[in-house]
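Before any comments, here is the structure.
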DNA sequence: CGGAGTCCTG
């Protein structure tokens, strides 16, 4: 697995163009026109590195092959080749194809593919370049591109210097050599081997070969996050290559991404001064980036500016702006722009509907969706597909997947096709519900109807699999996406790293992390944060700090999450003073502590019993105007409860409601637990009703707490009644609910009731461990209920769980206690046989 | 331009 990852994460070394130096002098440049006689020595030296020294040139054999090829049809040629193929070596193939490339290019290519496909011949680099030149000469550009792409991906990153040397030495005088160079640089760039692309460009400059704007654009795009982008742009200007409108919009985009907004705007307007018009694409980029950072008004003014230039916004312009408005919740204005869109003759498309549907559902405004539908009706537009899209998105967001599937059936029966976004939305909902296998079969369905899952689709699934703990399966998918040439990004990597650290071992996760970071391409603080959090959680604060230092060596910036995880780590290791010190250093990094930061520290203080200290931190937080969250208050409630300040905690709960910070299940569980401990079951159940009143669904933990409370504080029959009531209501209960009740019945000596519950628990499919059996057997033994002990002993053994020493001694004691000598000796024999008897 | 979600606190 790791090998794969290594292949995909090609290093991106940052070096400016100026610093590029040639690794070999060009004095060896040979300008011999390739011909049958003269090229033999040249090729022998050029390919010396990758040919076997035993390979020698046999002109006679070559001549024979040529003769055979020229005189016969392809089929016969293939047969003829078969007789030669054992005697062929790469030098000969280079020669033959090289010669043919000049005389009869078509035949050369045919021969090449014959050798490659039918005889499995591994061609040399020389041969590849001959074919490349032939393809270039014939202007078969798409073929040339994929051919060279295959070549550079085979050679891998860092291969540019040696390939350039070959290309420069042997092929300089070939027709179309310039085109091959350009395409060569282009494919390196497209394959994200940026430094190789830069190397090729530098060589081209030396050789006075001009790169095309397509190549430059691709490179600019790949470098748009870095400051090298502008260096490349200087190169473009110097080279005098005619720029396309994409050049501008890539640069505008890149400057925005580097937070150089002023520069981006200036650049955008500069095009006007140069006599040409800013393009719609360039405007769209600006609108999009400004929306992204929340400057909707600025985005809108750029939108208006387009009209002033006499440019008409396209569907992209509208969708970008409508999206921006939806994100900030200005649905009304978004709808106005949709009107405007139609008035200007731009049809809203499926993207527009997706954006609006999502916008309405984010705000919980289903009626807004109907607004759109009415609108569509009015315009007489194709309604069905719009309604379906909106409804599907809506149901996905509320998690009602069954409804989505119904709609899907309906759509399909009416001959409509789901688009790839619909599929992704559906996949995402399925994953969130943990229904991964259905998601996977939907992926196959997508593929079977010809939709291509992309990075996002795969990432959703990989993330879903990792969340379910199926990391191995996730990795399989990760490999599959690579084979389909879909390359993972930090989202994907983050999901895998998270899954590995959660389900696998920490060292496995670390190995993966090291491969990613050492490649140099992935520089993402999130990956560091995940790793640091893991170390922190396991109390390995030393390793966490070590990684923190590495962040700076990698020249990336820590985020507040980094510090929060570190503080969490110090708290876990009970080093609260250090945690405090780290909290105080946050501001020196230009970051602001969040509620999470303070809550982490407060929780640690609370656990330590330092409630005063906790409350001090709370007030410090308030003076620094950092809003406490419901988690913060839950911690405070916990602290107050610890000191039996129940009335205060109830008061806090009320003030939370008043402040609009809704308490969640955790908050209620905490406070209910406190009232149970204080033996106030009436209040505990009252709080439970309050939860329902606030539309909060009590979870299994809530019920465990309540059942336990009843067991401890009330008559056991009340607990039994409540338990059956919950079961009748089909409320999901977890194992602790059962074990709590079992424990209580054992303590009371009601073995048959305990027995029945235990069997129920087994029937429900809960995983029963030796701990559960021994707890049961222990309690029964202590009460000398040996017949029941025997029953459970048999159950346990038939469940495939073997005895341990501790449980043997307990049972032996019980048998002896009741004078059941037969059983005692029988078990003693087993105990000794299994070597469990203590010395 | 739409569909992943930056994996930190109870």
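Numbering (this note's numbering), first residue to last: 1217 to 2055.
Note that the Cβ used here is the ideal one computed from N, Cα and C, for glycine as well.
- Note on geometry: alpha-carbon atoms of residue 1316 and residue 1528 lie some 53 Å from one another.
- With respect to the C-alpha of residue 1506, the residue from 1755, 1533, 1859 having the closest C-alpha is 1533.
- Excluding residues up to 5 positions away in sequence, 1536 lie with their Cβ nearer than 7 Å to the Cβ of residue 1504 in the same chain.
- A direct Cα-to-Cα measurement between residue 1989 and residue 2036 gives close to 21 Å.
- Separation of residue 1523 and residue 1413 (C-alpha to C-alpha, rounded to the nearest whole angstrom) is 39 Å.
- Pairing residue 1878 with residue 1557, the inter-Cα distance amounts to about 40 Å.
- Shown here for residue 1710: same chain residues with a beta carbon closer than 7 Å to its own, the five before and five after excluded, namely 1742, 1743, 1746 in chain order.
- By the CB criterion at 8 Å, residue 1956 and residue 1927 fall inside the cutoff.
- C-alpha of residue 1570 to C-alpha of residue 1472: approximately 26 Å in a straight line.
- Annotated three-state conformation of residue 1714 is helix, per DSSP.
- With respect to the C-alpha of residue 1777, the residue from 1811, 1789, 1982, 1938 having the closest C-alpha is 1811.
- The continuous alpha helix (DSSP H) containing residue 1363 extends over residues 1357-1371.
- Proximity of the region 1910-1930 to the region 1948-1967 meets the contact definition, three or more beta-carbon pairs being nearer than 8 Å.
- Under the DSSP assignment, residue 1399 falls in the alpha helix (DSSP H) whose first and last residues are 1393-1406.
- Looking from the CA of residue 1719, the closest CA among 1837, 1686, 1824 belongs to 1686.
- Secondary structure note for residue 1321: its alpha helix (DSSP H) is the uninterrupted segment 1321-1329.
- Using a C-beta cut-off of 8 Å, the region 1783-1797 makes no contact with the region 1763-1775, since fewer than three inter-stretch Cβ pairs fall below that distance.
- Between residue 1497 and residue 1462 the beta-carbon gap is near 7 Å, inside 8 Å, which marks them as a contact.
- Of 1628, 1577, 1633, the smallest CA-CA separation from residue 1612 is found for 1577.
- With 16 or more other CB atoms across the displayed protein chains lying within 10 angstroms of its CB, residue 1680 is buried.
- By the beta-carbon neighbour count (other beta carbons within 10 angstroms, threshold 16), residue 1547 is buried.
- One alpha carbon belongs to residue 1346, the other to residue 1383, and they sit about 10 Å apart.
- Between residue 2027 and residue 2009 a beta carbon distance of about 7 Å is seen, short of the 8 Å cut, so the two are scored as contacting.
- In this structure, DSSP gives residue 1305 a state outside helix and strand, which the three-state scheme calls coil.
- A direct Cα-Cα distance of roughly 12 Å separates residue 1872 from residue 1852.
- If the five residues before and after residue 2000 are omitted, its C-beta is found closer than 7 Å to the C-beta atoms of 2030, 2033, 2034, all from its own chain and listed in chain order.
- Inclusion of residue 1343 and residue 1310 in the CB contact set at 8 Å is warranted, their separation being smaller than that value.
- Distance from the CA of residue 1978 to the CA of residue 1984, rounded to the nearest whole angstrom, comes to 7 Å.
- Going by beta carbons, residue 1351 and residue 1360 fall inside the 8 Å limit.
- When DSSP states are grouped into helix, strand and coil, residue 1870 belongs to the helix group.
- For residue 1508, the enclosing alpha helix (DSSP H) starts and ends at 1496-1508.
- Taking a 10 Å sphere around the C-beta of residue 1691, we find 16 or more other C-beta atoms and assign the residue as buried.
- Restricting attention to alpha helix (DSSP H) runs no shorter than 4 residues, the region 1935-2015 encloses them at 1951-1964, 1967-1979, 1986-1998, 2002-2014, ordered along the chain.
- Within a 10 Å sphere around the beta-carbon of residue 1964 sit fewer than 16 other beta-carbons, which makes this residue exposed.
- Of the residues assessed, residue 1404 falls on the buried side of the cut-off, its CB having 16 or more other CB atoms within 10 angstroms.
- Per DSSP, the unbroken alpha helix (DSSP H) holding residue 1548 starts and ends at 1547-1559.
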